[in-house]
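Accompanying notes for the structure given below.
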Amino acid sequence: MRFFTRLPLSRKLIAITMLTSTAVIVLLALAVSINEVVRQKRILYEKRTEQLTTVAEIIGSRSTAALIFDDRSTAQENLNALQALRANNSIAYAAIHRPDGTPFAVYQNSAIPAQLHQQALATLCLQASSENRDQLLPVCTGVLLGQEHLGEVRIVFDMNSDLDQLQASLLFYLLFLLLLVLIALALAWALSYRLQSLISGPILALQSAAENVARDKDYAVRVPPASGDELAALVDSFNEMLSQIQSRDAELARYSIELEQQVQARSAELAEANRKRVIWLENLAYFLRHELKNSTLGVRSSLELIERRTRASGNSDSIAKYLQRARDSVSFMTKLLENVGSASTLESDFGNETLVPLDLGELVSGQIETYQSIYHNKALLANCQPGVQVLGNSTRLIQLLDKLVSNAVDYGSPETPIIVTVRHEQKQAILSVANQGEPLPEDKQHIFELFVSQRDAAHKDNGNLGLG
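Here our numbering is used: position 47 in the sequence shown is 34, and no number is missing along the way.
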């Protein structure tokens, strides 16, 4: 069965047709053969019985006087007339019996073997056994004179010779029937080979079309329509499916072109908006450089003046640390002003900063000390895990921390500490600034955008450049 399932469709159809045809033809031939054997054998026995009955009646009519006058010699002559028959050698037993069953005259056939003769004696009329009935055919005919029963003529015929002839005739008949069966099977194969294409043709065409579509992605392929049956409906459905897919592909291609055009137009709009924003930022940077530069120079000169006077008064040691922090802050501000050259350069710097190894905890701890001197009325606590190494830019990290701490101070509840934490967790360095105060807005992502503020009216007067 597994071999049959692996056959191509055309061969399966031929095989199914041939198996069905072979089964029907063989069963029909077998039925015809059995019927012919039974019929020929019945005809043979009926014909031989009719012949022997005629012979027995003739012998009985000739032996009527012999039985009346007890003339055994005449009766024997009548029986010996059986020698003239062509089937004489097949007469196993022939005799004229009296009404009481005793033999009156017996025909002696020297051509019959003694064993067959004994079997014939046992096969008299209705006393024939079932096992010898096919080989020995008994015939009994009464000898009558008016209504008086004078005796019986009994003949037992050996059917072996006739059966041999019948067997030869039936063998020839079976060979001829076998030839007809082979011719019928050959004709069935030719017809099935020719007609299987009515079923396999449309299916193979569907298979070829499906393979072409899968290989070439060409949905313009169509299968030629077949006859008006279920296969034709299947072909029409397949073609309709390809038509729908082709129309959807065309629609998707059109949508793709339109979307690409919209993306290009939107990209052009964004590029123009970004260009205008960069120009505005450049103007802002120009203003900051020129307007704030004088302020930083004033602060720097004031710090130098304070340092000289404290040195002259001898109190330089007590405030030297604070003066150094002030100078560091002024230097950091000066560096920021120098880096703000143009908006485009500023934006590109964030992606092209030089990253160096640094200890994040040490950097944050140093900044917290600076913040403590700046925000006197606010408690700032540092919880920094030692040895948290990262690759980064210290200037940008300090700028980020400044903004986070400034927001925490502005929006934190009074008399509550601001806790800055640095820790290492799963190959990541985590920097957090926590305070107790107003909750963050629901739309948290927008607070990191440039010049976006979600402060309430109480804080609107505080300017901001982001994270506001």
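C-beta atoms are modelled at their ideal positions from N, C-alpha and C, and glycine is treated no differently.
- Runs of alpha helix (DSSP H) with 4 or more residues, each lying fully within the stretch 334 to 414, are found at 347 to 361, 381 to 398, listed in chain order.
- CA-CA distance, residue 148 to residue 161, rounds to 20 Å.
- Annotation: the continuous alpha helix (DSSP H) that includes residue 151 extends over 147 to 182.
- In this chain, the beta strand (DSSP E) harbouring residue 129 covers 123 to 132.
- For residue 245, the secondary structure class from DSSP, reduced to helix, strand or coil, is helix.
- Contact between the stretch 197 to 210 and the stretch 227 to 238 is present: three or more C-beta pairs spanning the two stretches fall below 8 Å.
- For residue 357, the closest of 345, 31, 317 by C-alpha to C-alpha distance is 317.
- Annotation for residue 93: the continuous beta strand (DSSP E) segment containing it runs 90 to 94.
- When only Cα atoms are considered, residue -2 and residue 157 end up about 37 Å apart.
- Boundaries of the alpha helix (DSSP H) harbouring residue 18: -4 to 49, taken from the DSSP string.
- Assigned with DSSP and collapsed to three states, residue 210 falls in coil, not helix or strand.
- Apart from sequence neighbours up to five positions away, the residues of its chain that approach residue 146 with a beta-carbon distance below 6 Å are 122, 124, ordered along the chain.
- In the structure shown, residue 56 falls within a coil segment according to DSSP collapsed to helix, strand and coil.
- In the structure shown, residue 427 adopts coil according to DSSP, grouped into three states.
- Judged by DSSP secondary structure, residue 68 falls outside any beta strand (DSSP E); it is assigned neither H nor E.
- Under the three-state reduction of DSSP, residue 268 is assigned to helix.
- A Cβ-Cβ distance of about 7 Å is found for the pair residue 179 and residue 0, placing them in contact under the 8 Å criterion.
- Here the stretch 184 to 200 does not lie against the stretch 10 to 27, with fewer than 3 beta-carbon pairs under 8 Å apart.
- Taking C-beta atoms as the reference points, residue 50 and residue 144 fail to come closer than 7 Å.
- A buried status is given to residue 82, since no fewer than 16 other beta-carbon atoms sit within 10 Å of its beta-carbon.
- Each residue's CA atom was taken as its position, placing residue 236 and residue 7 some 47 Å apart.
- Rounded to whole angstroms, residue 141 and residue 177 show a C-alpha spacing of 59 Å.
- In the three-state DSSP reduction, residue 218 falls in the helix class (H, G or I).
- Between residue 23 and the set 40, 69, 163, 57, the nearest pair of CA atoms involves 163.
- Looking at 384, 362, 360, 265, the one whose alpha-carbon comes closest to that of residue 349 is 384.
- With distances taken between CA atoms, residue 226 lies nearest to 200 out of 343, 200, 38.
- Note on residue 139: 16 or more other CB atoms within 10 angstroms of its CB, so buried under the neighbour-count rule.
- A Cβ-Cβ contact shorter than 7 Å links residue 94 with residue 69.
- Spatial neighbours of residue 4 in its own chain (CB-CB distance under 6 Å, excluding positions within 5 residues in sequence) are listed in chain order as 179.
- In this model, residue 165 and residue 2 are separated by some 21 Å (Cα to Cα).
- Here residue 398 is not near residue 429, since their CB atoms are 7 Å or more apart.
- Under the three-state reduction of DSSP output, residue -7 falls in the coil class, being neither helix nor strand.
- Exposure of residue 306 is indicated by the presence of fewer than 16 other C-beta atoms within 10 angstroms of its C-beta.
- Under the 10 Å beta carbon count, residue 56 is surrounded by fewer than 16 other beta carbons and is classified as exposed.
- Counting only residues of its own chain and dropping the five nearest sequence neighbours on each side, residue 267 has no CB closer than 6 Å to any other CB.
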